[in-house]
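Student: To start, I am sharing the structure in question, which I have written as structure tokens.
In UniProt numbering, the protein residues as written are 1 to 230.
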């Protein structure tokens with residue numbers, strides 16, 4: 001079970017270490033200082049999109065088809081299916097966050113699991129506001145059948161004090177997001193670690209995309225899920 005987006009590639013995408021970003025040039029004694037390169041825009045989840053890829057849980061040997069679609073601000077992730085070892089869907093739907101796990105190793109199929117409606121108000125705008133706090137790691141290249149030039153960002157959720165210094169705090173979730181260098185609303189890979197991956201012993205899952213475009217997708221709230229918050 002995973003809730004990324006608050007919500008997956010036969011290419012075997014590999015993210016090498018950050019490419020060497022140009023260092024600011026030293027000021028010349030007889031000339032002005034050259035300004036440092038401007039930081040790129042942070043990741044953005046668009047209102048309308050559709051993409052396909054692979055969802056991977058490496059410690060369980062799982063690599064299944066993944067789709068991620070958005071329409072009018074609602075969005076839905078689906079990993080696997082009835083014939084795969086894992087099968088779940090996550091949705092941001094009408095200001096509500098849902099997750100529904102149909103199949104997972106050592107999780108009984110019967111009785112069917114209920115659809116989890118996460119308490120509170122949650123939508124694409126709130127998610128994008130959180131993405132604005134992401135830290136820029138640097139430019140990288142995802143290697144595969146087609147190399148992709150991406151910007152690597154890191155975003156997390158931490159419990160406890162937000163004050164710097166010797167104060168109690170603890171990690172809850174961490175995500176590494178790789179978006180197109182020319183369009184931060186085009187997502188190519190997400191690595192995630194944390195309590196949102198509770199069914200995985202290593203708390204470690206990720207998805208990689210081989211297609212992502214801005215055509216409206218199909219978002220359907222499963223019948224098993226309760227009505228949205230609004």
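Using N, Cα and C, we set each Cβ at its ideal position, and we do this for glycine too.
What does the alpha-carbon distance come out to for the pair residue 83 and residue 38?
Tutor: If you take the alpha carbons of residue 83 and residue 38, they lie about 47 Å apart.
Student: Give the DSSP-derived three-state secondary structure of residue 117 in the structure shown.
Tutor: strand
Student: Identify every run of the beta strand (DSSP E) within the region 133 to 180, keeping only runs that are complete inside it and at least 3 residues long; order them along the chain.
Tutor: 135 to 142, 148 to 160 and 169 to 180
Student: Inspect the beta-carbon positions of residue 234 and residue 94 and report whether they are closer than 8 Å.
Tutor: The displayed coordinates of the chain run from 1 to 230. Any statement about residue 234 would go beyond what the structure contains.
Student: Could you have a look at residue 72 and say whether DSSP puts it in helix, strand or coil?
Tutor: coil
Student: Pull up the distance between the alpha-carbon of residue 44 and that of residue 172, whole angstroms please.
Tutor: Rounded to whole angstroms, the gap between the alpha carbons of residue 44 and residue 172 is 22 Å.
Student: Between which two residues does the alpha helix (DSSP H) carrying residue 129 extend?
Tutor: Where residue 129 is concerned, the enclosing alpha helix (DSSP H) stretches over 124 to 131.
Student: Could you pull out every residue in the same chain whose Cβ sits closer than 8 Å to the Cβ of residue 103, ignoring the five residues on either side in sequence?
Tutor: Closer than 8 Å at Cβ, skipping near neighbours: 80, 82, 84, 85, 86, 87, 88 and 109.
Student: As a quick exercise: from 92, 209, 168 and 152, pick the residue whose alpha carbon is nearest that of residue 159.
Tutor: 168
Student: Strictly by DSSP, which residues pair up with residue 54?
Tutor: DSSP output for residue 54 lists 65 and 208 as bridge partner(s).
Student: Whose CA, out of 63, 125, 204 and 134, lies closest to the CA of residue 47?
Tutor: 125
Student: Starting from residue 87, trace the beta strand (DSSP E) both ways and give me its first and last residue.
Tutor: 87 to 93
Student: Evaluate the contact criterion for the region 193 to 201 versus the region 212 to 222: three or more CB pairs, one atom per stretch, below 8 Å.
Tutor: Look at the beta carbons and you see the region 193 to 201 not touching the region 212 to 222: under three pairs across the two are nearer than 8 Å.
Student: Quick one, are the C-beta atoms of residue 151 and residue 118 less than 8 Å apart?
Tutor: no
Student: Roughly how many angstroms separate the alpha carbons of residue 163 and residue 136, rounded to a whole number?
Tutor: For residue 163 and residue 136, the gap between their C-alpha atoms comes out near 21 Å.
Student: Can you give the Cα-Cα distance for residue 114 and residue 181, rounded to whole angstroms?
Tutor: 39 Å
Student: With C-beta atoms as the reference, is residue 107 less than 8 Å away from residue 199?
Tutor: yes
Student: Mind checking which residues open and close the beta strand (DSSP E) that includes residue 101?
Tutor: 96 to 103
Student: Give the C-beta separation of residue 75 and residue 52 to the nearest angstrom, bearing in mind that I take them to be a contact with Cβ-Cβ under 8 Å.
Tutor: Actually they do not touch by this definition, with Cβ atoms about 14 Å apart.
Student: Does DSSP put residue 44 in a helix, a strand or coil?
Tutor: coil
Student: What residue from 149, 147, 157 and 64 has the CA that sits closest to residue 130's CA?
Tutor: Residue 130 has its Cα closest to that of 157, out of 149, 147, 157 and 64.
Student: I think residue 176 touches residue 154, with their Cβ atoms under 8 Å apart; what is that distance to the nearest whole Å?
Tutor: 5 Å
Student: Nearest to residue 216 by alpha carbon, out of 40, 50, 42 and 101?
Tutor: Checked all of 40, 50, 42 and 101; the closest Cα to residue 216 is 50.
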